[in-house]
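> If you're matching positions, the sequence shown starts at 1 in full-length UniProt numbering and goes up one per residue. Glycine residues also receive a C-beta, built at the ideal position from the N, C-alpha and C atoms.
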Amino acid sequence: MANRLIHETSPYLLQHAENPVDWYAWGEEALQRAKQDDKPILLSVGYSACHWCHVMAHESFEDPATAAVMNELFVNIKVDREERPDIDSLYMAAVQAMTRHGGWPMTVFLTPEGAPFYGGTYFPPEPRHNMPSFQQVLHGVAEAYRDRREEVFHSAEQMREHLQDILSFDLEKVKLSKSQLNVAAQRQMSQFDSRFGGYGGAPKFPQALIFGMVLRTWLRSEDQDALNQVTQTLQAMANGGMYDQLGGGFARYSVDAQWLVPHFEKMLYDNALLTQLYLETYQATHEPFYRRIAEESIGYILGEMTSPDGGFYAAEDADSEGEEGKFYVWSLAEIQQLLSPEDAALAQLYWNIQPEGNFEGHSILYVAQEPSVVAKELSISEEDLAQRIAAIRATLLAQRNTRIRPGRDEKILASWNGMMLRSLAFAANVLDNEEYRAAAIRNAEFITSKLYKDGQLYRSYKDDQAKFKGYLEDYACVADGMIALYEATFDLRWLQVAIELAESMTERFWDEEQRSFFDTASDHEQLITRPRDLYDNATPAGNSVAVDVLLRLATLLDRYEYRQYAGTVLSNLSGALIQLPGAFGRLLAAADFALAEPREVALIGDPADPQFKALLQATYRNYQPNKVVAACKPDDHAAQSLIPLLAERPLLNQQATAYVCVRRACKLPTNDPNELIKQLG
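Pasting the structure below:
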């Protein structure tokens, strides 16, 4: 018999709709029920692609005996962390304070007023590894709430105060400079794993935001070690099992230090951020490898993760048919059965497929040696090797597509779509690809028609419903994507959307006391404290993207007040930026933009004109992240009125013309793409 979650749209909540647990979604009904019945709240937070969430659901939430204990002793609330990042970040901070670690599934016990007093992550059905069983935890917490009420409420009040304290910061400030940014970068780079790439050990995450900051360090300071750290890591990730060698796209992280065994779920945000990074590295090196990985990752998103009306789905599960990674792994016997003996031998050598496998008796495909080494061993050219591998890949992929796919979370999240929109629009320019440009436009039209209504951006869309008022990260990431799309199309409607979202950020999210942005708007539901997450996690912090967006709009539109907001956040967090660079990759990138005297590129002419297109391609040929690009036809007065950079820019020789400016001081106009490349530096 279904519980209340049957009425939700979140795939994660719907996964629990048949549980014998009397689940509530987060809302006033559940909170009032806890107060009315004087019961503590059991808050369970997870997401649909989370392997251990599935494990705990099967072991405990599907178990009638455990569910009976939960229903008798608690009001049980299930939350999809991707729909409610405010609830997730707030209570995750509490769990980390209590246990010194966090993760999902997250299990938190609250007073009826919502204050946390005990929590953890996964609890097993039986005691093991020094962990109590879940039922032991349930009985222990309920007993404490019943018999030691004063102690529980005192603990909850202390935790409430702690959460308020950590959201108020008083950090030492420094004067930001390029040399200070180099200090921060060196602090981060000192943690590099010189053997396998990446930072730290197992488990190892892709950390696209940090490597984006390190790539800027190479450009700013000509530090070859910085570029080497980026290229070594990007090559290792894309050759490893963390990258889908057949279908493209990256898994969320590697459980080992060498990028071999992934945690198999694929997230939209990872692939959006990594696509951007691989494209930027392609601009920096002009090595086709990085372009190929970006194109394959985009191909995965457009082929498997795009809704019929242009939105991008959130995630694919790690599990299929109840087993983690089953969809992705191979046996040597399968390979030999599918391919000719010659091709099977080549596949075995190229992807190091051994009879014993490398993952629970099967093989995760990974590129074990440089293609040049494989080609030499087989006495064939690298071109022949690439062609044969492409044909083998197509055969294996066709066979894999007959398998049962992992579950797909088809909710469409505003901020994650904004990240992918940015990457797609950027790819359209870097690779001169009209398919990407068209897909970016469709996505922007989806966002503006389905998620953005009467000035209100919504967080989540599924089953024809837009739900939950947008968070700071939604406004900032969608604005970021819209700016990138404007620069790929020069259609003013996308820039206008970005401006509207920026106005909402400054009006509805700004905290004058703490001189930064809250994560929730002034008209959002009130939790026990108003959340503000300043640190990058797998996705960039809302404050970081907001600063970047405001700096770019300030440069494009000559809007001093936007620069003021951005500068205030940068100043306020300046000490933390330098001391904790791993937590501020995106904000350090924004600081680099602020200090770099960004190039202002004005292109005048008809975007359909081949000469104009040649200038646009030249603008994006090399890695130059600190620039804004605007364009219009000579008689486009609306664009010239909105964007001062375009005003009074005549054509040179009656041909498409480029102007490169810094603080509105411009170099000589040019019709020559090569001269434009030189002027951009």
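1. Using 8 Å as the Cβ pair cut-off and three pairs as the minimum, do the segment 226–241 and the segment 9–19 touch?
2. Do Leu279 and Ala427 have their beta-carbon atoms positioned less than 8 Å apart in this structure?
3. For residue 684, which residues of its own chain have a beta-carbon under 8 Å away from its beta-carbon, when the five flanking residues on both sides are left out?
4. Determine, using beta carbons only, whether Leu43 and Val108 come nearer to each other than 8 Å.
5. DSSP beta-bridge partners for Phe490?
6. For Tyr122 versus Met70, is the C-beta spacing smaller than 8 Å?
7. When you compare only the Cα positions, how much space is there between Met305 and Asn417?
8. Identify the continuous alpha helix (DSSP H) that holds Glu512 and give its terminal residues.
9. Which residues does DSSP pair with Asn76 in a beta bridge?
10. What's the gap between the Cα of Leu451 and the Cα of Ile6?
11. Which runs of the alpha helix (DSSP H), 4 residues or longer, sit entirely within the segment 427–468?
12. Under the rule that 16 or more other beta-carbon atoms within 10 Å means buried, what is His286, buried or exposed?
13. Pair every Cβ in the segment 115–130 with every Cβ in the segment 149–166, then say whether three or more of these pairs are closer than 8 Å.
14. Which partner residues does Phe250 have in the DSSP bridge list?
15. Using the Cβ count rule (16 or more neighbours within 10 Å means buried), how would you classify Gly322?
16. Give the range of the alpha helix (DSSP H) segment to which Phe289 is assigned.
17. Compute the Euclidean distance between the alpha carbons of Gly249 and Gly241, then round it to the nearest angstrom.
18. Which residues in the same chain as Ser522 place their Cβ atom closer than 7 Å to its Cβ, once the five residues preceding and following it in sequence are excluded?
19. How far does the beta strand (DSSP E) with Met106 in it extend, from its first residue to its last?
20. Measure from the alpha carbon of Trp26 to the alpha carbon of each residue in Asp672, Arg81, Ala2, then state which is nearest.
21. Excluding the 5 residues flanking Ser133 on each side, which residues of the same chain have their C-beta closer than 8 Å to its C-beta?
22. What are the partner residues of residue 728, as DSSP defines its beta bridges?
23. Which value, in whole angstroms, describes the spacing of the CA atoms of Met267 and Gly303?
24. Do the CB positions of Gly102 and Gly585 come within less than 8 Å of each other?
25. Between Ala257 and the rest of its own chain, which residues show a CB-CB distance below 6 Å, the 5 nearest in sequence each way excluded?
26. Indicate whether Pro85 and Gly46 have their beta-carbon atoms separated by less than 8 Å.
27. Taking DSSP as the reference, what is the three-state secondary structure of Trp52?
28. Contact between the segment 536–546 and the segment 581–597 is defined here as three or more beta-carbon pairs at a separation below 8 Å; is this criterion met?
29. How far does the alpha helix (DSSP H) with Phe117 in it extend, from its first residue to its last?
30. How is the beta strand (DSSP E) around Tyr659 delimited, first residue to last?
This is what the structure gives:
1. no
2. As a first step, residue 427 must be located in the sequence shown, where it is residue number 427. As a first step, residue 279 must be located in the sequence shown, where it is residue number 279. For Ala427 and Leu279, yes; Cβs fall inside 8 Å.
3. This structure cannot settle anything about residue 684, because the visible part of the chain is limited to 1 through 681.
4. Locating residue 43 in the sequence shown gives position 43, where the first residue counts as 1. Locating residue 108 in the sequence shown gives position 108, where the first residue counts as 1. For Leu43 and Val108, yes; Cβs fall inside 8 Å.
5. Along the sequence shown, read from residue 1 onward, the residue named residue 490 stands at position 490. Partner(s): none; Phe490 has no beta bridge.
6. For this step, residue 122 is matched to residue 122 along the sequence shown. For this step, residue 70 is matched to residue 70 along the sequence shown. No; because the gap between Cβ atoms is not below 8 Å, this pair is not in contact.
7. As a position in the sequence shown, residue 305 is number 305, starting the count at 1. As a position in the sequence shown, residue 417 is number 417, starting the count at 1. Answer to the nearest angstrom: the Cα atoms are 11 Å apart.
8. Taking the sequence shown and counting its residues from 1, one reaches residue 512 at position 512. Glu512 -> no alpha helix (DSSP H), and no H or E assigned at all.
9. By 1-based counting over the sequence shown, the position of residue 76 is 76. Beta-bridge pairing links Asn76 to Trp23, Leu42.
10. As a first step, residue 451 must be located in the sequence shown, where it is residue number 451. As a first step, residue 6 must be located in the sequence shown, where it is residue number 6. Between Leu451 and Ile6, the C-alpha separation is close to 23 Å.
11. 434–446
12. Mapped onto the sequence shown, residue 286 falls at position 286. Label assigned to His286: exposed.
13. yes
14. Translated into the one-based positions of the sequence shown, residue 250 becomes position 250. Answer is Tyr243.
15. On the sequence shown, position 322 is the one that residue 322 refers to. Classification for Gly322: exposed.
16. Position 289 of the sequence shown, counted from the start, is the residue given in the question as residue 289. Element bounds for Phe289: 288–304.
17. Looking up residue 249 in the sequence shown gives position 249. Looking up residue 241 in the sequence shown gives position 241. Their Cα atoms are separated by approximately 11 Å.
18. By 1-based counting over the sequence shown, the position of residue 522 is 522. Result list for Ser522: Arg508, in chain order.
19. Residue mapping note: residue 106 aligns to position 106 of the sequence shown, counting from 1. Counting along the chain, Met106 sits inside the beta strand (DSSP E) bounded by residues 106–110.
20. As a working note, residue 26 is residue 26 in the sequence shown. Among Asp672, Arg81, Ala2, the Cα nearest to that of Trp26 is on Arg81.
21. For the purposes of this step, residue 133 is taken as residue 133 along the sequence shown, with counting starting at 1. Phe123, Pro124, Pro125, Glu126, Pro127, listed in sequence order.
22. Residue coverage of the chain in this structure runs from 1 to 681, which leaves residue 728 outside it and unanswerable.
23. Taking the sequence shown and counting its residues from 1, one reaches residue 267 at position 267. Taking the sequence shown and counting its residues from 1, one reaches residue 303 at position 303. Distance between the alpha carbons of Met267 and Gly303: 14 Å.
24. Position 102 of the sequence shown, counted from the start, is the residue given in the question as residue 102. Position 585 of the sequence shown, counted from the start, is the residue given in the question as residue 585. Taking 8 Å as the Cβ cut-off, Gly102 and Gly585 do not qualify as a contacting pair.
25. As a first step, residue 257 is located in the sequence shown; it is residue number 257 there, counting from the start. Phe196, Gly201, Ala202, Lys204, listed in sequence order.
26. Translated into the one-based positions of the sequence shown, residue 85 becomes position 85. Translated into the one-based positions of the sequence shown, residue 46 becomes position 46. No. Outside cutoff.
27. The count along the sequence shown starts at 1 and reaches residue 52 at position 52. In this structure, Trp52 counts as helix in the three-state DSSP scheme.
28. yes
29. As a first step, residue 117 must be located in the sequence shown, where it is residue number 117. Not the alpha helix (DSSP H): Phe117 falls in the beta strand (DSSP E), residues 116–120.
30. Along the sequence shown, read from residue 1 onward, the residue named residue 659 stands at position 659. Here the beta strand (DSSP E) through Tyr659 covers 657–662.
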